[in-house]
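Residue numbers (my numbering): 60 to 285.
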Amino acid sequence: MTIRLLLVDDDPLVRAGLTFMLGGAEDLEIVGEGADGREVPELVARHAPDVVLMDIRMPHVDGLTATERLRAQPGAPEVVVLTTFHADEQVLRALRAGAAGFLLKDTPPAEIVAAVRRVVAGDPVLSPAVTRQLMTHVAEEQEPPGRPRRATAVGRLAELADREREVAVAVGHGRSNAEIAAELYMSVPTVKAHVSRILAKLGLNNRVQIALLVHDAGLADEAEND
């Protein structure tokens, strides 16, 4: 299987560098490039990429807005945001919009290739340790006016069965599948099955969004204290 990549960055040198770095991977193909978020819908329709590597700061339509619009469409490709920041509020907005993760622009080429493969396989480009760090930043977010985030999150998690909720809370604390399996006395394949059902029931894109929802519901501390 060849993974089709779309590069969206307003800096032509960054695009050229990524093309050079990723060109040596036999299973990756760069099918198109864009310089602004407003080009994304047309480029995705034309090239049908599997993954979009998306810059955040662009002159007309930024990468966060482009990600939100793209991921709201059915059958949208995965999005990995490219950033010079490490887990700030912009990255959190991208993850809430459905991005599969983020990469720093100085990430070594081999790690970028590995991250793209992971995204296609359904794994977010965030380690459990980074997930924990992100949760710290979520705690600093202000509640949107008129949108009771906590009440909404609690209501959505109430849709889960008890065992699914336990798995969701463990994901919210940044535990890996293996750690969840050991903690809840189940096999890793069973954990993966629970995660898949949680994603389907709640209409989420990846386990990072599960973690954000659990934190919004005020259940991250529950995982810490159990």
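Glycine included, each C-beta is placed from N, C-alpha and C at the ideal position.
Here the structure is a predicted model, which is why all the values come from computation and not from measurement.
Do residue i and residue j have their C-beta atoms closer together than 7 Å?
{"i": "A270", "j": "G231", "result": "yes"}
{"i": "V140", "j": "I115", "result": "yes"}
{"i": "P108", "j": "L154", "result": "no"}
{"i": "V172", "j": "A84", "result": "yes"}
{"i": "I239", "j": "A227", "result": "no"}
{"i": "A94", "j": "D121", "result": "no"}
{"i": "V138", "j": "V179", "result": "no"}
{"i": "M117", "j": "G96", "result": "yes"}
{"i": "T61", "j": "E88", "result": "yes"}
Would you call residue i buried or exposed, if buried means 16 or more other Cβ atoms sit within 10 Å of its Cβ?
{"i": "H253", "result": "buried"}
{"i": "R105", "result": "exposed"}
{"i": "P276", "result": "In the sequence as displayed, the identity of residue 276 is Ala instead of Pro. Burial call: buried."}
{"i": "G205", "result": "Because G205 sits at a pLDDT of 49, beneath the cut-off of 50, its placement in the model cannot be relied upon, and the following sentence gives the value as read from the coordinates. Exposed, since its Cβ has fewer than 16 Cβ neighbours within 10 Å."}
{"i": "G233", "result": "buried"}
{"i": "Q268", "result": "buried"}
{"i": "D285", "result": "Residue placement at D285 cannot be trusted, given a pLDDT of 46 that sits under 50; what the coordinates show is reported in the next sentence. D285 should be labelled exposed."}
{"i": "R266", "result": "buried"}
{"i": "A220", "result": "exposed"}
{"i": "A159", "result": "buried"}
Go to residue i, then tell me how far its beta strand (DSSP E) extends in each direction, as first and last residue.
{"i": "E127", "result": "Run containing E127: none in the beta strand (DSSP E); it sits in the alpha helix (DSSP H), G122 to R130."}
{"i": "G83", "result": "Where G83 is concerned, there is no enclosing beta strand (DSSP E), given that its DSSP letter is neither H nor E."}
{"i": "G160", "result": "G160 to L163"}
{"i": "I257", "result": "It is not in any beta strand (DSSP E) - I257 instead sits in the alpha helix (DSSP H) that spans V247 to L261."}
{"i": "I62", "result": "I62 to V67"}
When you compare each of the options to residue i by their alpha carbons, which one comes out closest?
{"i": "V273", "options": "R224, L87, L77 and P168", "result": "R224"}
{"i": "L81", "options": "F161, T211, R128 and A169", "result": "A169"}
{"i": "A212", "options": "R234, L278 and R152", "result": "L278"}
{"i": "P248", "options": "L258, P100 and N236", "result": "N236"}
{"i": "P167", "options": "E218, F79 and R234", "result": "F79"}
{"i": "Q149", "options": "L123, A159 and R130", "result": "L123"}
{"i": "N264", "options": "R63, M60, L129 and E92", "result": "L129"}
{"i": "H119", "options": "L151, V67, A159 and R209", "result": "V67"}
{"i": "E242", "options": "G181, E101 and R222", "result": "R222"}
{"i": "D86", "options": "P71, E101 and R63", "result": "R63"}
Compute the beta-carbon to beta-carbon distance between residue i and residue j, rounded to the nearest angstrom, for a pair I have assumed lies under 8 Å.
{"i": "T126", "j": "G76", "result": "No, T126 and G76 are not in contact; Cβ-Cβ is about 21 Å, not under 8 Å."}
{"i": "V99", "j": "K164", "result": "Not quite, the Cβ-Cβ distance comes to about 19 Å (not below 8 Å), so this is no contact."}
{"i": "V103", "j": "P136", "result": "6 Å"}
{"i": "K251", "j": "E218", "result": "In fact, because the Cβ distance is near 20 Å, the residues do not count as touching under 8 Å."}
{"i": "F161", "j": "T143", "result": "Wrong, their Cβ atoms sit about 11 Å apart, outside the cutoff."}
Does chain C have any CB closer than 7 Å to the CB of residue i?
{"i": "V120", "result": "Here chain C cannot be found, since the structure has a single protein chain."}
Which residue marks the beginning of the alpha helix (DSSP H) containing residue i, and which one marks its end?
{"i": "D109", "result": "No alpha helix (DSSP H) contains D109, which DSSP labels as neither H nor E."}
{"i": "E238", "result": "N236 to L243"}
{"i": "T211", "result": "R208 to L216"}
{"i": "I269", "result": "R266 to D275"}
{"i": "V138", "result": "V138 -> not in any alpha helix (DSSP H); beta strand (DSSP E) instead, spanning E137 to T142."}
{"i": "I171", "result": "P168 to V179"}
{"i": "V226", "result": "D221 to G231"}
Using 6 Å as the cut-off, classify the Cβ of residue i as near or not near the heavy atoms of the ligand FAD, replying yes or no.
{"i": "L216", "result": "The ligand FAD is not part of this structure, which contains no ligands at all."}
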